[in-house]
């Protein structure tokens, strides 16, 4: 069991809030009564906090946030995923010694069709194919050695 899991739910919530400076929050204990889920306020003021944490009987922590905040988080995650992919793609392209990076990037991007879940090895395989098909876009080391 990790050190974080040894903490109580309240301690884990406080540690997370402190680590990310999330501001005011409310903490609820979720129980079940007569087939209904009941939230019992344990800490905070719900009207003043954007983040609500609930802890169920199994000490599972759930978070309730405003839809707009959730939408921003998802959009930021999508942008970050795309940025990481573009960095992997850039690294793969440079390994193949392009004459003009932008030209190679354009050709490879057209072949990817928005698939951002490729591994570095898969990108390298695509670049090998592009290099075979568009050899004029890459530096040929044999030409340099034999010149």
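Residue numbers (my numbering): 107 to 253.
All C-beta atoms, glycine included, are put in the ideal place defined by N, C-alpha and C.
For residue 205, there is no enclosing beta strand (DSSP E), as DSSP marks it with neither H nor E. Residue state for residue 227 is assigned as helix, using DSSP reduced to three classes. The residues 202 and 244, in chain order, have a CB closer than 6 Å to that of residue 237 in the same chain once the five nearest residues on each side in sequence are set aside. The C-alpha of residue 204 lies about 7 Å from the C-alpha of residue 210. The C-alpha of residue 146 is placed about 46 Å away from the C-alpha of residue 225. Excluding sequence positions up to five before and after residue 143, its CB lies within less than 7 Å of the CB of 136, all in the same chain and listed in chain order.
The Cβ atoms of residue 131 and residue 155 sit closer than 8 Å to each other.
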